[in-house]
Structure formats: C-alpha cells, structure tokens
Amino acid sequence: MGMTLRTSDEQTEALRRQAAAEGRSMQAVALSAIDEYIARRAHTERVDAALQRVVADEAGVLERLKNA
C-alpha cells in the first residue's frame, strides 16, 4: 500500500544528504528508519511487559528489600 509522506524542507534535505552518504535512495533510507522505529517500539513494549511480570512475581522479595 502506498502513502504520501509530507516532510519539512529541513527533513527532506537531511534525508537527501543521508541517502547520498549511504548511496541509497531517499525512499530506502526512510523505510529503514520506519522499520527501526517499529522494532524499537516493539522491543520497549516487550521489556516493559517483562518488567511488570518480574515486579508482580517478585513483589514479596521487593517489599522485603525495601524494608531491609
């Protein structure tokens, strides 16, 4: 599915420079950035979920440590 992405002049120029530096198209660089953003967000969500499980599972130990 296609989409139109509107960027500021500054963003477009920065993207153009980055694409030229990498020898890639602006589209390839933008798609890579989107993929990295999505992966980073998914990772953060997994870490947050794991932390919540640990806190719930170890609530008693954490409470004892807090009061030690």
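If you read the sequence shown in UniProt numbering, its first letter stands for residue 1, the second for the next number, and so on.
Yeah, the Cβ is synthetic: ideal placement off N, Cα and C, and Gly gets one too.
Extent of the continuous alpha helix (DSSP H) run through residue i
| i | result |
| --- | --- |
| residue 6 | Note, residue 6: premise wrong, no alpha helix (DSSP H); not H, not E. |
| residue 36 | 26-57 |
Residue i CB to nearest heavy atom of the ligand PLP below 8 Å
| i | result |
| --- | --- |
| residue 13 | Questions concerning the ligand PLP fall outside what the structure shown contains, since it holds no ligand whatsoever. |
Whole-angstrom C-beta distance between residue j and residue i, which should lie under 8 Å
| i | j | result |
| --- | --- | --- |
| residue 16 | residue 3 | Actually they are not in contact, since the Cβ atoms of residue 16 and residue 3 sit about 19 Å apart, beyond 8 Å. |
Residues of its chain near residue i, where Cβ-Cβ distance is below 6 Å and the 5 sequence neighbours each way are ignored
| i | result |
| --- | --- |
| residue 58 | none |
| residue 18 | 29 |
Residue environment, residue i, which counts as buried when at least 16 other CB atoms sit within 10 Å
| i | result |
| --- | --- |
| residue 55 | exposed |
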